[in-house]
Ligand code: AMP
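In my numbering, the protein residues as written are 709 to 999.
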């Protein structure tokens, strides 16, 4: 595996790969790698000849400075995991390589489309503008044929799909399923910051969301009722809810009633740590392992 940190170097590698008619994939990450990230590398390896992973903690998508400062960073460990998982090229640019820090003027930014409205977009103003801006930059630098994103960040996936469609970007977006730990908690780099007590609390989050399955099995399919029940369980566990909503899987429009294309999306605070999760809901039922 080669590690490069400049735009010039990655462009040269891509140019050489193109001469060899290689299909190029990109797995963008912010590091602190776990099995969720690595599952995307498996998909990338299947779909391409050259797997590039980027590790870049994008300051533009953090609306709370403390969250950016506390974001876990473990580059040596990440390199070992990336090698093991089959990454060919690790792109680890510094902030100055991606953003022009010398200018005092305003830089060009993208504004995310309507799929960024509400959910994480409500509590994290500017977050998705930062995401689409940096992903666009990475696409322009690397020009991947395929880019892979996790369903863990469901709204982000839909926001990026919308960007690719609206801007006619020549890249195929693929998604990988949400990967959980053995107790059901969605893997996240932020889980590293949970104390053992906070972790015990955090695992109530996915199980509370799974209540939707029980209610659906009982024939209850009104979003309000399902959400009220989930919130009640979370509150009983002293978990602060940021949002809990049922939306259409593709349009992300709110749904009053479960359809065959519904997604339950939630965010909670465990102490100062914000965790997100989502599961598909079907009239016939919902699977925690299928999210
Ligand atoms: P991040 O480093 O958090 O920006 O995530 C980089 C990519 O990995 C994004 O496409 C995420 O959706 C994906 N990802 C993060 N956690 C998981 C997970 N538990 N399961 C699947 N994909 C994930």
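Quick reminder that beta carbons are idealized off the backbone N, C-alpha and C, glycines included.
Predicted model only: the values in this text are computed from it and were never measured.
(request) Would you mind working out which of 973, 743, 982, 977 sits nearest residue 988, comparing C-alpha positions? (result) Checked all of 973, 743, 982, 977; the closest Cα to residue 988 is 973.
(request) Check whether the Cβ atoms of residue 942 and residue 949 lie closer than 8 Å to each other. (result) Remark: C-beta atoms of residue 942 and residue 949 approach each other more closely than 8 Å.
(request) Round the Cβ separation of residue 744 and residue 895 to the nearest angstrom and send it over; I've been treating them as touching at under 8 Å. (result) Sure, about 4 Å apart at Cβ, within 8 Å.
(request) Take residue 841 as the anchor and find which of 891, 768, 865 has the nearest alpha-carbon. (result) Cα-wise, what sits closest to residue 841 is 768.
(message) Does residue 844 come out as helix, strand or coil in the three-state DSSP assignment?
(response) Looking at residue 844 - three-state DSSP - the assignment turns out to be helix.
(request) Please name the residue or residues paired with residue 799 in a DSSP beta bridge. (result) In DSSP, residue 799 forms a bridge with 712, 762.
(request) List in chain order the residues whose CB is within less than 6 Å of at least one heavy atom of the ligand AMP. (result) Those residues, listed in chain order, are 737, 738, 744, 745, 747, 748, 857, 858, 860, 861, 884, 886, 887, 894, 895, 896, 897.
(message) On the DSSP letters alone, give me the boundaries of the alpha helix (DSSP H) that residue 862 sits inside.
(response) Per DSSP, the continuous alpha helix (DSSP H) segment holding residue 862 begins and ends at 862 to 874.
(request) Determine which residues share a DSSP beta bridge with residue 1002 and list them. (result) In the structure as shown, the chain starts at 709 and stops at 999, and residue 1002 therefore has no counterpart that could be examined.
(request) Answer with buried or exposed for residue 835, where buried requires no fewer than 16 other C-beta atoms within 10 angstroms of its C-beta. (result) Burial of residue 835 is indicated by the presence of at least 16 other C-beta atoms within 10 angstroms of its C-beta.
(request) For the stretch 853 to 870 and the stretch 728 to 744, state whether three or more C-beta atom pairs, one from each stretch, are separated by less than 8 Å. (result) Between the stretch 853 to 870 and the stretch 728 to 744, the count of Cβ pairs shorter than 8 Å is three or higher; the stretches touch.
(message) Assess contact between the stretch 750 to 757 and the stretch 814 to 826, defined as three or more Cβ pairs (one per stretch) separated by less than 8 Å. Is contact present?
(response) Contact between the stretch 750 to 757 and the stretch 814 to 826 is absent, with fewer than three C-beta pairs closer than 8 Å.
(request) Return the residue from the list 818, 833, 837, 765 that minimises the CA-CA distance to residue 661. (result) As displayed, the chain neither begins before 709 nor continues past 999, which places residue 661 out of reach and without an answer.
(request) Inspect the CB distances between the stretch 976 to 988 and the stretch 779 to 789 and report whether three or more fall short of 8 Å. (result) Contact fails: fewer than three Cβ-Cβ distances are below 8 Å.
(request) Classify residue 819 as helix, strand or coil using the three-state DSSP reduction. (result) In the three-state scheme derived from DSSP, where H, G and I count as helix and E and B as strand, residue 819 is classed as coil.
(message) Any beta carbon from chain D within less than 8 Å of residue 959's own beta carbon?
(response) Annotation note: the requested chain D is absent from the structure, which comprises a single protein chain.
(request) Closer than 6 Å by C-beta to residue 869: which residues in its own chain qualify, once you throw out the five before and the five after it? Chain order, please. (result) The answer, listed in chain order, is 881.
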